[in-house]
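Some notes on the structure that comes next.
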Amino acid sequence: MKRILEDGYHGSKFILDPQDDYPNHYLQMDNDLAQINQASQKFQDDVDRGSKGVIGARYLVSNPQYSWYWSLTDDIYMDLDLVTKFFEELERKYDPYSQIVIKGQCLCNHGYRYLQGGAGYIFSNLAAKKFNEISINWLQTMTQFDDLHFKDVLDAFNLTTDDIAINNIFGYRAGDILKYPNFQKCPSNISKTCCGYDSIYPMNKLMVIHENYMNVMEVAVLFVSQIKQKNESLYHYYYGDPWELTPCKL
Numbered sequence: 001m002k003r004i005l006e007d008g009y010h011g012s013k014f015i016l017d018p019q020d021d022y023p024n025h026y027l028q029m030d031n032d033l034a035q036i037n038q039a040s041q042k043f044q045d046d047v048d049r050g051s052k053g054v055i056g057a058r059y060l061v062s063n064p065q066y067s068w069y070w071s072l073t074d075d076i077y078m079d080l081d082l083v084t085k086f087f088e089e090l091e092r093k094y095d096p097y098s099q100i101v102i103k104g105q106c107l108c109n110h111g112y113r114y115l116q117g118g119a120g121y122i123f124s125n126l127a128a129k130k131f132n133e134i135s136i137n138w139l140q141t142m143t144q145f146d147d148l149h150f151k152d153v154l155d156a157f158n159l160t161t162d163d164i165a166i167n168n169i170f171g172y173r174a175g176d177i178l179k180y181p182n183f184q185k186c187p188s189n190i191s192k193t194c195c196g197y198d199s200i201y202p203m204n205k206l207m208v209i210h211e212n213y214m215n216v217m218e219v220a221v222l223f224v225s226q227i228k229q230k231n232e233s234l235y236h237y238y239y240g241d242p243w244e245l246t247p248c249k250l
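Each residue of the sequence shown is one higher than the one before, counting from 1 in UniProt numbering.
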């Protein structure tokens with residue numbers, strides 16, 4: 001992986017060097033997905049977002065030279081240097097072609113543990129292949145938010161919270177970053193959340209941030225960039241149900 005290159009097709013951006021097998025067009029929905037989208041009445045937006053994830057998973061499987069797929073929204077901050085290191089670490093730990101691996105930020109809400117959809121889901125090649133096998137039924141039975149409904153996929157693969165949860169991405173409400181540099185002192189003890197988060201994590205290791213409000217997002221990204229440039233010893237943790245990133249200092 002390398003830094004994002006110039007604008008690509010339809011304003012998209014590629015992380016890898018250009019290759020001959022990149023699609024030279026927007027990936028349209030296959031007919032089966034289009035029919036599901038046309039038939040859906042409730043949760044139309046969620047079915048649409050879920051369909052986009054399926055399109056990406058299908059593309060990965062049909063192009064086996066690619067090992068991993070990250071399904072996420074387009075309004076995110078991504079530190080590509082850290083993303084590169086993260087995937088190098090995944091490659092050392094897993095064989096993406098023989099192991100079902102799905103990673104993301106775990107949330108506890110609505111009585112469930114699930115992965116937050118804004119920051120998205122990282123699939124190994126085999127996980128994408130297995131997801132494709134159940135994706136049509138998953139879309140047709142969607143009667144809730146798409147990321148909450150993705151819990152059915154995790155259950156189908158018997159993935160535990162320890163299997164899926166990572167602490168270097170954040171997908172929801174990063175507004176407390178706007179208090180920089182006046183962060184509160186880090187607590188000496190942090191109660192474990194239902195997702196297993198029980199520590200402080202260095203903010204200079206955050207590789208992805210998603211925030212629902214763009215004006216908050218822009219300032220949060222600016223401050224996180226400054227923290228990384230200065231290599232400040234600042235941290236974040238999850239308190240209770242991890243809906244909000246809580247920054248702190250020692």
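The beta-carbon is built from N, C-alpha and C at its ideal position, and this holds for glycine as well.
Buried versus exposed call for residue i [16 or more other C-beta atoms within 10 Å across all chains shown]
i, result
"E89", "exposed"
"K13", "The pLDDT assigned to K13 is 46, lower than 50, so where the model puts this residue is not dependable; a value taken from the coordinates is nonetheless given after this. Counting Cβ neighbours within 10 Å, K13 comes out exposed, since fewer than 16 surround it."
"R58", "buried"
"L250", "exposed"
"Q105", "buried"
"E91", "exposed"
"L80", "exposed"
"Q38", "exposed"
"K230", "exposed"
"S71", "buried"
"D46", "buried"
"Q65", "exposed"
Sub-8 Å separation of residue i and residue j beta-carbons
i, j, result
"L178", "V219", "yes"
"I100", "A119", "no"
"H236", "M203", "yes"
"V208", "I76", "yes"
Close beta carbons around residue i, own chain, < 7 Å, minus the five adjacent residues each side
i, result
"A156", "I134"
"K103", "I122, I164 and I166"
"K130", "I100 and F157"
Residue span of the beta strand (DSSP E) that contains residue i, given as start and end
i, result
"S225", "Where S225 is concerned, there is no enclosing beta strand (DSSP E), although the alpha helix (DSSP H) it sits in stretches over M214 to K230."
"S71", "W68 to S71"
N-terminal and C-terminal residue of the alpha helix (DSSP H) that residue i is part of
i, result
"I136", "N125 to Q140"
"Y59", "Q44 to S62"
"H149", "D146 to H149"
"L80", "L80 to K93"
"A39", "N31 to A39"
"I164", "T161 to I164"
In DSSP terms, what residue i is bridged to
i, result
"A107", "Note on identity: in this sequence residue 107 is Leu, with Ala being the wrong assignment. Y114, per the DSSP bridge assignment."
"P202", "Y235"
"I102", "F123"
"T246", "Y237"
"I209", "Y77 and F170"
"Q184", "C248"
Close-in-space but distant-in-sequence residues of the same chain around residue i (CB under 6 Å, 5 per side omitted)
i, result
"Y238", "T193 and Y197"
Cut-off 8 Å between Cβ atoms - residues of its own chain near residue i, not counting five sequence neighbours on either side
i, result
"R173", "E211, N212, W243, E244 and L245"
Min CB distance residue i to chain D below 8 Å
i, result
"I164", "In summary, chain D is missing from the structure at hand, where a single protein chain is found."
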